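J.:
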Amino acid sequence: MTTWDSLYAKRASRMRASEIRELLKLLDKPDIISFAGGIPDAALFPAEAFREAYADILSGEEAGKALQYGVSEGSLRLRRWIVSHMKDMGIDCGLENILVTSGSQQGLDYIGKLFLSPGDTALVQWPTYLGALQAFNAYEPRFDRLDPGTNRPTADYEAAAHEAGGKVKFAYLSPDFANPTGLTLTLEERRRLLALSGDLGCAVIEDSPYESLRYDGEPLPPLLALDCETSGGIEETRTLYCGSFSKSLSPGLRLGWICASSKVISRLVLIKQASDLNTPVLNQEAMARVAEACFKQHTTGTNAVYKGRRDAMLAALGKHMPAGTSWTRPEGGMFIWVELPETIDAAALLPRSVETAGVAFVPGGAFFPDGGGTNTLRLSFSCADFEKIEEGISRLGRLITETVASSL
Ligand code: PMP
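Every letter in the sequence shown is one number past the one before it in our numbering, and letter 36, counting from 1, is 43.
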């Protein structure tokens, strides 16, 4: 029998099944109220608009082009829409600044491939998006803690990176309604982070798939917009913005993009050519038509639904969670982050929650590169109706109240 383990590259040992995907297998049971998956509600997809778009493309003169290989940078029509979307957010860019990717996840993988050598440092928030850790992990970096709220000295990051035999290559973060915390960076934190990256001479990876899902408050400028402002234009920036259509229009079409200086985009294009040549053209053509026709109108409608669900979950948490438990109040996105009393292990609580309360969530430990955060959990409100939210949080609150009482 082949001894596969001896044949795999060293980096393969760092590739592990996502704890979250393993946990989601528990959810096959009927009648589970799930706050676990961080996905958009399929009932809200603009299915009719996509049906018309695909029919229009495939029945017209464009059919051959849409079924053919395409340019690696992405379809012209979709990149034009993305350029105007980025301009709406204060980023003056052109077609040469955009690479269309198969979801922003592919963008994260390409960024890891372009920047990270084994031993290099990626600065990430604690907790951070698990999929980013998975994407970067294949390139054998070490992770160091990025905390935009504090002024950790630059020399401290540099010394730690040097000791590990590498360099700080980038700071990765989601400034708007982060996965898993739901939190948004203030303007001051955004500026401080750009200043830190300037001092460190590293890149900034701004992962913003939830950007259009804002339910209250005023939008803050993306880091890339602030970077353009201070550095004198996109070609001088150090920020790579990763966008996505997954949370706004559809994740199934697998479409995202990277917006950055054309120097970086042209390097990423080479990676894409070696990886999959181009993102599916038919999907890009359909997405361009749907985005042109109804992006703003559609997201306004879905945001009203998600806002109602967020409010319902916040109200239910206030009603049912015991003292000593706290949670975030996100202005958008899909997630609420809960901190339990320190004695409670959320990963140990999950099987009991599924078995006895019929409620699922994601234990927060998976989002910490150092395995911390055992007393935290992530709740998603995007797919549950009001009744399920009230019932599920009331059952979860009862279980947590009992667990806290028995741990005293
Ligand atoms: N970044 C973050 C912060 C996410 O939450 C997700 C999806 N869960 C992604 C990137 C990947 O999204 P997609 O590849 O569907 O664009």
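Ideal Cβ placement from N, Cα and C applies to all residues, glycine included. This one's a predicted model, so the numbers in the text were calculated from it and none came from an experiment.
Answer with buried or exposed for residue 154, where buried requires no fewer than 16 other C-beta atoms within 10 angstroms of its C-beta.
T.: Against the sequence shown, residue 154 aligns to sequence position 147. With fewer than 16 other Cβ atoms within 10 Å, it is exposed.
J.: If you follow the alpha helix (DSSP H) that residue 417 is in, where does it begin and where does it stop?
T.: In the structure as shown, the chain begins at 8 and stops at 415. Residue 417 is therefore absent and cannot be evaluated.
J.: Spatial neighbours of residue 149 within its chain, please: CB distance less than 6 Å, with the 5 preceding and 5 following residues excluded, ordered by chain position.
T.: Your numbering for residue 149 matches position 142 in the sequence shown. These residues qualify, in order along the chain: 128 and 171.
J.: Which runs of the beta strand (DSSP E), 3 residues or longer, sit entirely within the stretch 132–202?
T.: For the stretch 132–202, whole beta strand (DSSP E) runs of length 3 or above, ordered along the chain, are 149–152 and 175–180.
J.: What residue from 190, 137, 84 and 353 has the CA that sits closest to residue 22's CA?
T.: On the sequence shown, position 15 is the one that residue 22 refers to. It is 137 whose Cα lies nearest to the Cα of residue 22.
J.: Is residue 248 close to the ligand PMP? I mean its beta-carbon at under 8 Å from any heavy atom of the ligand.
T.: Taking the first residue of the sequence shown as position 1, residue 248 is located at position 241. Residue 248: no, Cβ never under 8 Å from the ligand PMP.
J.: May I ask you to report which of helix, strand or coil DSSP gives residue 252?
T.: The sequence position of residue 252 within the sequence shown is 245, counting from 1. Coil.
J.: Quick check on the burial criterion: 16 or more other C-beta atoms within 10 angstroms. Buried or exposed for residue 185?
T.: Position 178 of the sequence shown, counted from the first residue, corresponds to residue 185. Residue 185 comes out buried.
J.: Kindly list the residues whose CB is nearer than 6 Å to the CB of residue 334, restricted to its own chain and excluding five residues on each side of it in sequence; keep chain order.
T.: Position 327 of the sequence shown, counted from the first residue, corresponds to residue 334. Hits under 6 Å: 324, 343 and 345.
J.: Three or more beta-carbon pairs under 8 Å between the stretch 154–169 and the stretch 309–329, yes or no?
T.: Contact between the stretch 154–169 and the stretch 309–329 is absent, because fewer than three Cβ pairs lie under 8 Å.
J.: What separation, rounded to the nearest whole angstrom, lies between the Cα atoms of residue 391 and residue 315?
T.: The sequence position of residue 391 within the sequence shown is 384, counting from 1. The sequence position of residue 315 within the sequence shown is 308, counting from 1. Rounded to whole angstroms, residue 391 to residue 315 spans 11 Å at the Cα level.
J.: Report the partner residues of residue 343 according to the DSSP bridge assignment.
T.: Start at 1 with the first residue of the sequence shown, and residue 343 comes out as number 336. Paired residue(s): 386.
J.: Contact between the stretch 9–18 and the stretch 369–384: three or more CB pairs below 8 Å?
T.: Cβ pair count under 8 Å is below three, so no.
J.: Using only the alpha-carbon positions, how far apart do residue 353 and residue 72 sit?
T.: Counting from one through the sequence shown, the residue named residue 353 turns up at place 346. Counting from one through the sequence shown, the residue named residue 72 turns up at place 65. Spanning the two alpha carbons is a distance of roughly 51 Å.
J.: Determine the direct distance from the alpha carbon of residue 8 to that of residue 233, and round the result to whole angstroms.
T.: As a position in the sequence shown, residue 233 is number 226, starting the count at 1. As a position in the sequence shown, residue 8 is number 1, starting the count at 1. When rounded, the distance between both Cα atoms is 57 Å.
J.: What residue range does the beta strand (DSSP E) around residue 107 cover?
T.: Residue numbering aside, residue 107 sits at position 100 when the sequence shown is read from its first letter. Where residue 107 is concerned, the enclosing beta strand (DSSP E) stretches over 105–108.
J.: Count the C-beta pairs between the stretch 52–60 and the stretch 256–265 that are closer than 8 Å, then say yes if the count reaches three, no if not.
T.: Segments in contact, yes.
J.: Check residue 356 in the structure and name its three-state DSSP category.
T.: Position 349 of the sequence shown holds residue 356. If DSSP states are grouped into helix, strand and coil, residue 356 belongs with the helices.
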